[in-house]
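Working notes, structure below.
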Amino acid sequence: MELTERSCQLSLLEGRVADLFRGGTGPTNRTVTVLTGPVGVGKTTLLQTFARRACDAGARVLGASASRAERTVPLEVVRQLVRAAPLSGAGGPDTWARLGRLLDEGALAWADADDTDDEGTALTTAAIGGALLEMTTRGPLVIAVDDIHHADVPSLRCLDYVARRISGLPVLIVLTEAPRTRPWRPDVHAELLQPARLHRIRLPLLTPDGTFQLLAQQLGVPVARTIAAESHQISGGNPLLVQALAEDQAAAPRPADHPTVGESFREAVLSCLYRCDHLVLNAARVLAVTGEALHGNLLPHLVDARSRAALDAIDDSTSAGLINERGLRHPAVSQAVIDGMTTEERARLHLEAACLLHDDGAPPARVAPHLIGIDELVEPWMAQTLLDAGEQALLDGEVEAALRYLRRAHRGRAGECLRARIRSALARAEWRLDPQAAMPHLVGVVTAIRAGHLGSQQAAGPIQYLLWHGEIEEAVELVNHLSERGDGADARTAAELLIITGWMSILYPGVMVDRPSPTTAGRDPLTLARVKRGIEGATLLSAVLDRGDAGAVEQAERTLSTTGLDDEQSMWTAVCALIAIIYADRLDLADDWCDRLGRDPATPHHPTPSALLTALRATVAGRLGDLCRADRLADEALGQLSPKGWGVVIGIPLAVRIRALTFMGRLDAAAACLQVPVPPTMFETPIGLHYLQARGMHALAAGSPEAALADFQLCGQLMHRWSLDFSGLVPWRTESARALLRMGRRQQAGKLVREELARLRPVHVRYRAAALRVLAATEDGSDRIPHLRSAVRLLRQCGDRMELAHNLADLGHAYQQAGDRRQARVASRSARELAEECGIRMLRPGVSTARNGAVEGRRDTTVLVEGLTDAESRVAVLAAQGHTNREIAEKLFLTVSAIEQRLTRIYRKLDVNSRSELTTRLRSGRPGATVLDPPSRGSGDPGRRPPGPRLR
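With positions in the sequence shown counted from 1, the corresponding number in this note's numbering is that position plus 468.
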């Protein structure tokens, strides 16, 4: 070990040697010097360094090292000194031979004598001491003994004999000692270490600067500067531990910004503890298992009963710096201590601690960590304690801790009712991290509910999980079962059943369930208030969709300000409040609340609520027209849970992503999303409506208006059947009208979109703008302009930039057809700028029809020609379609000269000489041209459609 911050102590020792050569022990006449410091502080290294320098100075050195294992071996320390005498030149052969005989005789005498019989061994002590004094006649002598606190009693007596007789002689006794909680034979130590002849030199723990210096010597200054502060916190400045950290850091496979705690550190910690008193070792084990402070309630009961009075002596000096007032100084030290214990030792301490805490009435959260560490739950209260602790951990948002408690309780022995409650709580905890992991527990929970082992309060969560996973028949059966067996006079049971059925009617509006009949308990004001709070989110959604209630937004904000994502009921209330704000088209407000919930430190960032929040962020981004962000967030949400884990709710992020990819022109990627399996029961929920709408949009963009119309009409049929035919939910009439226009059925489209406009409420700004755009497509010439201008005004109001870009493109086209080229340029330029912001690769005027009903939109099929820019591709397509240069210039708002220049570059790049060759090139199947509109639907059969319901 390196000597760091020990130069002062070494100088003092060298000064004592210099005094020997001046003819004595110094002006203080103190013959015994003791190096005192905690275990591992470097006393042995300092003593060895001093001994070498004393030899170099010409002094003779006799050295010995005591050991705890040899405490009961009489005269072992003196025997080591005698063995060193011939090597150092102290004494002569006769003295060595006589000392050998005296040591053998003394060992036999002390073996037969009582430790307290000092008078019976006094003559032997005097004889051995006298022989040792004869060695001092040949010049300065240093007697060095390491770890004197472990020395055997006879050796201590002999050293005391010598120390009392060397005053004025060139003899120095140097000892090392570690502070102990209770010295071995304190009476004998006190005689040897009398203050009058004692010079004590203290070796403290390293300072932070000393830790840095030691690390710099081993690892270099840059690494030491990075890890020194944290290394000092871990080691407490103990040089042995700092050295071990340096070894672990050097052995690490790659550089790290924090100290690497490895095998060397763990061995060093255990070495220090084994060299301390047994009391310190036992206390360290108890503190590692309990995690308590040094003066906690458990430590006195869990250490050796005979040692309790000595606990006050445990501190930095007696524990090698490993223990302070707060307990073990660092988690790395605790882990090292635990690693050094056997499984049986840990289990015994955990069991004793758990029983003590339970008997003292400690809360379950304090008892449960110890119950996890025992082999068997032998007492009936143990499983109940683990359940209580797990449920409290769930309320506190500590899901990982709850899982540890509940899984241990589930493996133990418990009655049927208690086991059912454990499974129910375990399903709740698993659902937070992975909804799919909760499914195996739900089987046992369902059986327990049917058997009557769980009431409505414990069954509420599992029923919600069944609804999440689309197990609707099972959920309905359980609700009906609870309703039949429920106690009508129990207000809590009535409230829980009303809340469950209320949420079920929102998520599965087409499912019939037996609602609890009105009872006295059901009409109780407290029960009604509880039900109102329980279905608050559902009420907000209904207020926005059914009545278009703008005041619901303020209520939703009040709800969000007092509701988090910390449990299922609160989470669903918060999610519904956010959706209500989204449906009310307050997207800036919804985005702000998503950020608030995401940043709130009180919000547990567990996968399930976090994935839902990310999906809602994606929804907001998509409605704002930020397609790239919507796609990224939806993809992120889908990655947070497995497809099966999402259950029926997978329709939310999938619908957002399909819609975003479709509008960005990435139809193949959208088709891949449509291949993701979804539960068939998703189409029995309003979530399925959004999925159907997105799928229809993709079909329309892919050139399959008939398939799109089927999806949009299916939305309408489901909404009508569920009595949810609100345009604010899914504007299926507007979407169907788009598909009808693509099919050339202009009159039907116009009738449908006018019906939609009549049904829309004033708050439905976004959907009114979309309907006006479609209505404009059913009109002729300049009649389209007023509708499109109104739509643009509404879209600027609601902030949907993507739809605004499309509307401006249509408006520019309408102005161009009306001959207003200036307005056409302004609108088209604004459309292009917005399209770039939204990630839309290319804009085309919306679908329009000729007077005979034929679709005109296909005439402007866009082709991206390999080797040409987008602008050149548009010119090439129009030229190949037979347009003159002037007509192309008018369509693209450019000059004829600019078109001629672009055509020249196009001919050169494509190696063609005429428009006929250009047309042939674009129509050919050779590499060089890729048709973007319409692409095939998915990568397989163009007629193949992903699974989904169809109504007959």
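Every residue gets a Cβ at the ideal spot worked out from N, C-alpha and C, and that includes glycine.
No experiment lies behind these values; they were computed from the predicted model shown.
Check: Mapping DSSP to helix, strand and coil, what is Gly795?; Outcome: strand
Check: Pull up the distance between the alpha-carbon of Leu854 and that of Gln1181, whole angstroms please.; Outcome: 53 angstroms
Check: Taking its Cβ as the centre, do 16 or more other Cβ atoms sit within 10 Å of Ser787, making it buried, or is it exposed?; Outcome: buried
Check: Report the rounded CA-to-CA distance for Gly920 versus Pro1199, giving the unit in angstroms.; Outcome: 45 angstroms
Check: From Gly759 to Asp615, what distance separates their C-alpha atoms?; Outcome: 31 angstroms
Check: State the DSSP-derived secondary structure class of Ser533, mapped to helix, strand or coil.; Outcome: strand
Check: Can you tell me which of Leu627, Gly764, Arg1257 and Pro608 puts its alpha carbon nearest to the alpha carbon of Asp487?; Outcome: Pro608
Check: Does the structure place the stretch 1097 to 1115 close enough to the stretch 1179 to 1196 that three or more beta carbon pairs sit under 8 angstroms?; Outcome: no
Check: Straight-line CA distance for Glu952 to Val835?; Outcome: 39 angstroms
Check: Is Ala1299 closer than 8 angstroms to Ala1282 when the C-beta atoms are compared?; Outcome: no
Check: Where does Ile940 fall in DSSP's three states?; Outcome: helix
Check: Between which two residues does the alpha helix (DSSP H) containing Val867 stretch?; Outcome: Val867 to Arg879
Check: If I follow the unbroken alpha helix (DSSP H) through Leu1220, where does it start and stop?; Outcome: Arg1214 to Arg1227
Check: Tell me whether the beta-carbon of Ala751 lies closer than 8 angstroms to the beta-carbon of Leu738.; Outcome: no
Check: Going along the chain, which residues of its own chain have a beta-carbon closer than 7 angstroms to the beta-carbon of Lys511, five neighbours each way excluded?; Outcome: Leu503, Gly505, Thr644 and Leu671
Check: Measure the alpha-carbon distance for Ala800 versus Thr1030 and round it to whole angstroms.; Outcome: 40 angstroms
Check: Give the C-beta separation of Arg900 and Val867 to the nearest angstrom, bearing in mind that I take them to be a contact with Cβ-Cβ under 8 angstroms.; Outcome: 5 angstroms
Check: By the three-class DSSP mapping on this structure, what secondary structure does His838 have?; Outcome: helix
Check: Could you tell me the distance, in whole angstroms, from the CA atom of Thr513 to the CA atom of Ala537?; Outcome: 21 angstroms
Check: Distance check for Val500 and Leu661, CA to CA, integer angstroms please.; Outcome: 8 angstroms
Check: Going by alpha carbons, who is nearest to Leu1101 out of Thr1082, Asp1094 and Pro1254?; Outcome: Thr1082
Check: Would Phe518 be called buried (16 or more neighbouring beta carbons within 10 Å of its own) or exposed?; Outcome: buried
Check: Looking at C-alpha atoms only, which residue of Ile695, Ala857 and Met1132 is the closest neighbour of Pro837?; Outcome: Ala857
Check: How would you label Ala1226, buried or exposed, when you count the other beta carbons within 10 angstroms and need 16 or more for buried?; Outcome: exposed
Check: From Gly597, Ser1172 and Leu1106, pick the residue whose C-alpha is nearest to that of Leu1135; which is it?; Outcome: Ser1172
Check: Going along the chain, which residues of its own chain have a beta-carbon closer than 8 angstroms to the beta-carbon of Ala1020, five neighbours each way excluded?; Outcome: Leu1008, Ala1011, Val1012, Ala1048 and Ala1052
Check: Once you ignore the five residues that flank Leu571 on each side, which residues in its own chain have a CB closer than 6 angstroms to its CB?; Outcome: Leu543 and Arg547
Check: Name the two residues that bound the continuous alpha helix (DSSP H) containing Arg1210.; Outcome: Trp1200 to Arg1210
Check: Are the beta-carbon atoms of Gly1090 and Ala1128 separated by less than 8 angstroms?; Outcome: yes
Check: Less than 8 angstroms between the C-beta atoms of Ser699 and Leu687, yes or no?; Outcome: no
Check: How about Arg1279 and Glu1271: do their beta carbons lie closer than 8 angstroms?; Outcome: Contrary to the premise, residue 1279 reads as Leu rather than Arg in this sequence. In this structure, Glu1271 does not lie closer than 8 angstroms to Leu1279 by Cβ.
Check: Count the other C-beta atoms from every protein chain shown that fall within 10 angstroms of the C-beta of Arg1394, then say buried if there are 16 or more, exposed otherwise.; Outcome: In this predicted model, Arg1394 has a pLDDT of only 39, less than 50, meaning its place in the structure is not dependable enough to derive any value.
Check: Just the Cα atoms here: how many angstroms apart are Ala525 and Leu480?; Outcome: 15 angstroms
Check: Using only alpha-carbon positions, find the residue among Pro1230, Thr1352, Ile1374 and Val944 that is nearest to Leu1336.; Outcome: Ile1374
Check: In whole angstroms, give me the CA-to-CA distance for Gln1349 and Ala1259.; Outcome: 31 angstroms
Check: Residues in the same chain with beta-carbon distance under 6 angstroms from Ala822, minus the five sequence neighbours each way, listed in chain order, please.; Outcome: Val835, His838 and Leu839
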